[in-house]
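Peer 1:
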Amino acid sequence: MPEYEFADVYVPRGISRKETARLLTDHAEYGHWELYRLTLMRDGSRRVRLRRRIIRQVRATW
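Taking the numbering used here, the leading residue of the sequence shown gets 19, the next gets one more, and so forth.
Okay, structure coming up:
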């Protein structure tokens, strides 16, 4: 079963959808994050939860 690392990003209500999309695209492209959950709050702000897979390497014993 894969293990994931999570990151929470808070986007205030003054930020447009276009700017939010660009921010999340940058996280996905450069940090290898994927969107896990986006919650739109009552005040218009967004709480975004991102995740990325943890890849564990086994140490080689020669």
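In this text, a Cβ means the ideal position worked out from N, Cα and C, and glycines have one as well.
Report the residue from Asp-26, Ser-34 and Glu-23 whose alpha carbon sits nearest the alpha carbon of Gly-62.
Peer 2: Taking only the C-alpha atoms, the option nearest Gly-62 is Ser-34.
Peer 1: Since Asp-44 is in the beta strand (DSSP E), which residue starts that stretch and which ends it?
Peer 2: That residue, Asp-44, is in no beta strand (DSSP E); its alpha helix (DSSP H) goes 35–49.
Peer 1: Can you tell me the Cα-Cα spacing of Val-66 and Trp-80, whole angstroms?
Peer 2: Going by the C-alpha atoms only, they are around 44 Å apart.
Peer 1: According to DSSP, simplified to helix, strand and coil, what is Ile-72?
Peer 2: Residue state, collapsed to three classes: strand.
Peer 1: Please name the residue or residues paired with Thr-57 in a DSSP beta bridge.
Peer 2: BP columns for Thr-57 point to Arg-65.
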